[in-house]
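Data first, discussion second: the structure below is written as structure tokens.
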DNA sequence: AGAAATTTGTCCGTATGTATC
DNA sequence: AGATACATACGGACAAATTTC
């Protein structure tokens, strides 16, 4: 099969079906999802596609994966909002140089700098935050 | 996003940023680079573009890739006294999470985080400041 | 205690289709 | 037309963590 993604890509369709099983209780909260190898057989999709589908659910906190163990269906303690809570991972904004940054860059306090903040997640929770500062003029 | 490669193609720009992180010590020599999947998320680029960027660095011996393991940043006996870059200045210290960081990590305000600050100079003056935050427990 | 099997993590190479410069 | 880039998808292989025998 080539790569026909009519409307919805396959990994989203698979993710939807898995999500439905969790919400309906077919897969109980706290229990393991079928292994990737099982899912590839069941959905007749490549492992990469299955992993992409699971990644979608992980992003939405529906599941959590552990290396060597498997992927667990999450209990649902928080309905805080709905599924709307997926923020951008990288944001850029202008900031005003404080004393420390001004000293580092050798500029005056208050001068505008660009700050890019990248949030790196692992199994839903934030693992690393990277903030990069540079001077607008120096390009990038 | 479309394909606006102003002058430089995207994969070279990404390669440059990764190279900077290695030379500046943000990515320590001998340590693993973020996985392809992480880099695609961080740079918002497709896997092909990320792989192209890494291929550039591999070509220049800046990194070495091991099948199934990852891509390592190479120690650099290379042109250490280059005109463009001076000694990497990376300092690590413990900081207390303020409101923003606490919200990002999902922790309480005041919890200690590790901050690594790297200063990248070019031709003497500070070009970029990178601050990386992570939780002591979650390894590095 | 140790070996084997299981499972996820990562990289490799390739392919198709679309879109932009 | 060609290079660049994106999104999607396949199959294979090796690595690492965990579980099972």
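Chains as they are written, first to last, in our numbering: chain H, 594 to 733; chain B, 594 to 733.
Quick reminder that beta carbons are idealized off the backbone N, C-alpha and C, glycines included.
Can you tell me which residues form a DSSP beta bridge with residue 625/H?
Answer is 665/H.
Where the stretch 612-634 of chain H meets chain B: residues whose CB sits under 7 Å from a CB there
none
From 696/B, 648/B and 704/B, pick the residue whose C-alpha is nearest to that of residue 688/B; which is it?
704/B
Members of the stretch 702-730 of chain H near chain B, C-beta cut-off 9 Å:
706, 710, 711, 712, 713, 714, 715, 718, 719, 720, 721, 722, 723, 724, 725, 726, 727 and 728
With DSSP as the reference, label residue 637/H as helix, strand or coil.
coil
Who does residue 697/H pair with in a DSSP beta bridge?
Bridge partners of residue 697/H: none, in fact.
Report yes if the C-beta distance between residue 617/B and residue 723/B is below 8 Å; otherwise report no.
yes
Is the shortest distance between the beta-carbon of residue 698/H and the beta-carbons of chain B less than 8 Å?
yes
Which term fits residue 711/B, buried or exposed, when burial requires 16 or more other beta carbons within 10 angstroms of its beta carbon?
buried
Under 8 Å from the C-beta of residue 694/H: neighbouring residues of chain B:
For residue 694/H, the neighbours in chain B by C-beta distance under 8 Å run, in chain order, 722.
So, does the CB of residue 673/H fall closer than 8 Å to a CB anywhere in chain B?
Caution applies to residue 673/H, whose pLDDT of 35 falls short of 50 and renders its modelled position unreliable; the model cannot decide the point.
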